[in-house]
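**Q** Just so you know, the numbering used here puts 422 at position 382 of the sequence shown, and the rest follows in order with no gaps. Using N, Cα and C, we set each Cβ at its ideal position, and we do this for glycine too. What you are looking at is a predicted structure, and each value in this text was computed from that prediction instead of being measured.
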Amino acid sequence: MGLPLLDIWLMDKIEVLDITEKTRDDKDSPHAQHNLDVHDPEAYFNFLKQARNTINEVSPSFCAAKWMQSTILLYSGETHSCHHPSRHHIKLSDIKDNPSGIHNTAHKMKARREMLNGIQTEECDYCWRIENQNPEHISDRIYKSSYSWSLPYIKDIIKSGHGQFITPTYMEVAFDSTCNFKCIYCSPESSSRWQEEVRKHGDIKQTEYNLHNLDWLKSVGKLPIHHKEYNPYIEAFWKWWPDLYPNLQTFRITGGEPLLSKHTWRLFDYVENNPNKDMILAINSNLNAPDNKVDQMIESINRMSDNLKYFDVYTSLENIGEHAEYSREGMNYEEFIENCYKVLDNTPPSTRLHFMTTINLTSAPSFKGFLEQIKEFRGKYQTKKHEFRVRTHLSYLRFPRTLMLSLLNEDDKQKYGEEWLEYINKWKLTKEKDPSEAFYFEEVDQVERLVEFMRNDKQPKIVYDDMRSYIRQLDERRGRDFCRTFPMLSYLMDEDYYG
Numbered sequence: 041m042g043l044p045l046l047d048i049w050l051m052d053k054i055e056v057l058d059i060t061e062k063t064r065d066d067k068d069s070p071h072a073q074h075n076l077d078v079h080d081p082e083a084y085f086n087f088l089k090q091a092r093n094t095i096n097e098v099s100p101s102f103c104a105a106k107w108m109q110s111t112i113l114l115y116s117g118e119t120h121s122c123h124h125p126s127r128h129h130i131k132l133s134d135i136k137d138n139p140s141g142i143h144n145t146a147h148k149m150k151a152r153r154e155m156l157n158g159i160q161t162e163e164c165d166y167c168w169r170i171e172n173q174n175p176e177h178i179s180d181r182i183y184k185s186s187y188s189w190s191l192p193y194i195k196d197i198i199k200s201g202h203g204q205f206i207t208p209t210y211m212e213v214a215f216d217s218t219c220n221f222k223c224i225y226c227s228p229e230s231s232s233r234w235q236e237e238v239r240k241h242g243d244i245k246q247t248e249y250n251l252h253n254l255d256w257l258k259s260v261g262k263l264p265i266h267h268k269e270y271n272p273y274i275e276a277f278w279k280w281w282p283d284l285y286p287n288l289q290t291f292r293i294t295g296g297e298p299l300l301s302k303h304t305w306r307l308f309d310y311v312e313n314n315p316n317k318d319m320i321l322a323i324n325s326n327l328n329a330p331d332n333k334v335d336q337m338i339e340s341i342n343r344m345s346d347n348l349k350y351f352d353v354y355t356s357l358e359n360i361g362e363h364a365e366y367s368r369e370g371m372n373y374e375e376f377i378e379n380c381y382k383v384l385d386n387t388p389p390s391t392r393l394h395f396m397t398t399i400n401l402t403s404a405p406s407f408k409g410f411l412e413q414i415k416e417f418r419g420k421y422q423t424k425k426h427e428f429r430v431r432t433h434l435s436y437l438r439f440p441r442t443l444m445l446s447l448l449n450e451d452d453k454q455k456y457g458e459e460w461l462e463y464i465n466k467w468k469l470t471k472e473k474d475p476s477e478a479f480y481f482e483e484v485d486q487v488e489r490l491v492e493f494m495r496n497d498k499q500p501k502i503v504y505d506d507m508r509s510y511i512r513q514l515d516e517r518r519g520r521d522f523c524r525t526f527p528m529l530s531y532l533m534d535e536d537y538y539g
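Set out below in structure tokens:
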């Protein structure tokens, strides 16, 4: 539905590159998927606008990710099809006779029916806020529906209806929550170290409700099943896996820290013996795992690489140095950067390193330093000019609200916003194709959205009070000092500060 029009439009309007010599090293970038020049942001933006028209021909609230993308926390039996909506519980009835029910839940099928009928389903408010604010804004609904794992499958999606048995092409799975980090915005449901801290010190006291209460997590089904206990969701996964595996374009393992899970290594062994050259295998790792796990991962990558299209390592960062070590309790920043270089230096070009971000108030003082680090990586690791082995996706934190970037004062919002926009625009890709250029159009767009949110979002006084309480409790438990680490943000801790 609509795809032939898109094909004709692309042939007629977009500057087409010679693809006769393209290699597997650049075929899956958003630009290469659609034969676009990465140095022409206008062409890519125009493509996205035309893709939006095609997507909206299905329905003005249609998003292909709800069918073709899936994130599943097997350790707690939860899933969602995009990182923006909250996860929901997989009922045992969902998987009783159908192991694909770990993805195709009754909850998702209801949301899919709404999307097909033009209803802005409530859980997808992140994108609706962007689109309703300005119809010309490109929301993640459009980005996600225009990728190679989604756009070519729109006819299949329509044919499947609400998709009771549809097989996703992009899947992310967490086997267990074992982790050696306890990041400030994480929680006991995703990190065993956070759970240990809460068992020792109790939940985080807040005005409206306490955070990280283990009894509450257990009552709503979010407390992880211990990795030594029977887990029906992991059982369903391995039952579905032989049928799922051949259809996957991307399979991503997350956690916890997945290098600490036995299921990660079992899956690596399977891939070593069962090639899927159309699949990207990915892992989310903090790259600070103990016992030489990063070195072992590199060895496995080299054994698997010929069986895969790519191997992608996703890691997390949004600030640098001691700021990063404060935000990501358990991190050794120097070792982390060394391991980033180690991965890139000791694996084939088909291995790439992605930086996920959760940009929050502790990110502001050194976020530019993070961008500078990305530029440095990109200058060294390219498969060809401006085809970078290092990627990013720039997202801002929305929960807990006590760490939101928008709690900064107005002067800092202006100062940091100008600093980030000036830097990323200075080094964005252009038609000049200068070798020093380093940032894609979509990354510039993401920073512009980030700054717009930071400057426009408003929070009530209670959030400022809870922010101070949250930081004090973490500092006391962890032997940290926010004001020493972030002297430029010490005003946040003043009792009379409310923005």
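Can you give me the Cβ contacts of Thr-247 inside the same chain, cut-off strictly under 7 Å, excluding the 5 residues immediately before and after it?
**A** Listed in chain order, the non-local C-beta contacts of Thr-247 below 7 Å within the same chain comprise Ile-502, Asp-505, Asp-506, local neighbours out to five positions each way being set aside.
**Q** Excluding the five sequence neighbours on either side, which residues of its own chain have a C-beta within less than 8 Å of the C-beta of Leu-88, listed in chain order?
**A** Shown here for Leu-88: same chain residues with a beta carbon closer than 8 Å to its own, the five before and five after excluded, namely Ile-178, Ile-182, Tyr-183, Ser-186 in chain order.
**Q** Would you call the region 349-357 in contact with the region 322-330, where contact means no fewer than 3 C-beta pairs closer than 8 Å?
**A** yes
**Q** For Asn-465, which of helix, strand or coil comes out of DSSP?
**A** DSSP places Asn-465 in helix when its eight states are reduced to three.
**Q** Taking contact to mean 3 or more Cβ pairs, one atom from each stretch, closer than 8 Å, check whether the region 338-350 and the region 366-377 are in contact.
**A** no
**Q** Give the DSSP-derived three-state secondary structure of Lys-148 in the structure shown.
**A** Three-state DSSP puts Lys-148 in a helix.
**Q** Just to confirm before moving on: does the CB-CB distance between Trp-189 and Tyr-210 stay below 9 Å?
**A** yes
**Q** Count the other C-beta atoms from every protein chain shown that fall within 10 angstroms of the C-beta of Phe-205, then say buried if there are 16 or more, exposed otherwise.
**A** exposed
**Q** Would you identify the three-state DSSP class for Glu-535, choosing helix, strand or coil?
**A** Assigned with DSSP and collapsed to three states, Glu-535 falls in coil, not helix or strand.
**Q** For the structure I just gave you, are there three or more beta carbon pairs, one from the region 435-444 and one from the region 417-426, closer than 8 Å?
**A** no
**Q** So, with DSSP's three-state summary, where would you put Phe-87?
**A** helix
**Q** Which one of Val-334, Gln-109, Glu-416 has the shortest CA to CA distance from Glu-212?
**A** Gln-109
**Q** Give the list of continuous alpha helix (DSSP H) stretches no shorter than 4 residues that lie fully inside the region 478-510.
**A** 481-496
**Q** Determine the closest residue to Cys-103 out of Tyr-193, Leu-445, Ala-214, Ile-142, with distance taken between C-alpha atoms.
**A** For Cys-103, the closest of Tyr-193, Leu-445, Ala-214, Ile-142 by C-alpha to C-alpha distance is Tyr-193.
**Q** Residue range of the beta strand (DSSP E) that Glu-212 falls in?
**A** 210-214
**Q** Using DSSP's beta-bridge definition, name the partner residues of Ala-105.
**A** Answer is none; Ala-105 lacks a bridge partner.
**Q** Below 8 Å, how does it come out for the region 281-291 and the region 155-164: are there three or more Cβ pairs, yes or no?
**A** no
**Q** Please name the residue in His-363, Ile-464, Pro-228 whose C-alpha comes closest to that of Asn-400.
**A** His-363
**Q** Out of curiosity, what's the CA-to-CA distance linking Lys-473 and Ala-83?
**A** 15 Å
**Q** Distance check for Pro-282 and Tyr-304, CA to CA, integer angstroms please.
**A** The sequence given here has Thr at residue 304, not Tyr. In a straight line, the C-alpha of Thr-304 is about 16 Å away from that of Pro-282.
**Q** Taking the Cβ atom as the reference point for each residue, do Ala-404 and Leu-514 lie within a distance shorter than 9 Å?
**A** no
**Q** Below 8 Å on the Cβ atoms is my contact criterion, and I expect Phe-215 with Thr-402 to pass it. Report the Cβ-Cβ distance as a whole number of Å.
**A** The Cβ separation is near 29 Å, so there is no contact.
**Q** Runs of 4 residues minimum, wholly inside the region 200-288: which ones carry the alpha helix (DSSP H) assignment?
**A** 232-241, 254-259, 272-284
**Q** Please go through the same chain and pick out, in chain order, the residues whose beta-carbon is closer than 7 Å to the beta-carbon of Phe-85, but skip the five residues on each side of it.
**A** Within the same chain, and ignoring the five residues on either side of Phe-85 in sequence, the residues whose Cβ sits closer than 7 Å to its Cβ are Phe-481.
**Q** Out of curiosity, what's the CA-to-CA distance linking Ser-259 and Asn-465?
**A** 48 Å
**Q** Roughly how many angstroms separate the alpha carbons of Phe-221 and Thr-94, rounded to a whole number?
**A** 43 Å
**Q** Tell me the residue span of the alpha helix (DSSP H) that contains Asp-309.
**A** 302-313
**Q** Indicate whether Val-98 and Ile-159 have their beta-carbon atoms separated by less than 9 Å.
**A** The answer is no: Cβ separation not under 9 Å.
**Q** If you run the structure through DSSP and keep just helix, strand and coil, what is Leu-529?
**A** helix
**Q** By how many angstroms is the C-alpha of Arg-233 removed from the C-alpha of Lys-262?
**A** Between Lys-262 and Arg-233, the C-alpha separation is close to 16 Å.
**Q** Return the CA-CA distance between Phe-277 and Asn-449, expressed in angstroms with no decimal places.
**A** 47 Å
**Q** Of the choices Met-444, Val-484, Cys-523, whose alpha-carbon is the least far from that of Lys-498?
**A** Closest in alpha carbon position to Lys-498, among Met-444, Val-484, Cys-523, is Met-444.
**Q** What span of residues does the alpha helix (DSSP H) with Ala-364 cover, start to end?
**A** 361-367
**Q** Rounding to the nearest angstrom, what Cα-Cα distance links Glu-459 and Gln-486 in this structure?
**A** 15 Å
**Q** Could you check how far apart the C-beta atoms of Ser-231 and Gly-296 are, in whole angstroms? I think they sit under 8 Å.
**A** About 7 Å separates the beta carbons of Ser-231 and Gly-296, which is inside the 8 Å limit, making them a contact pair.
**Q** CB-CB under 7 Å to Arg-441, same chain, minus the five flanking residues each way: which ones, in chain order?
**A** Gln-499, Val-503
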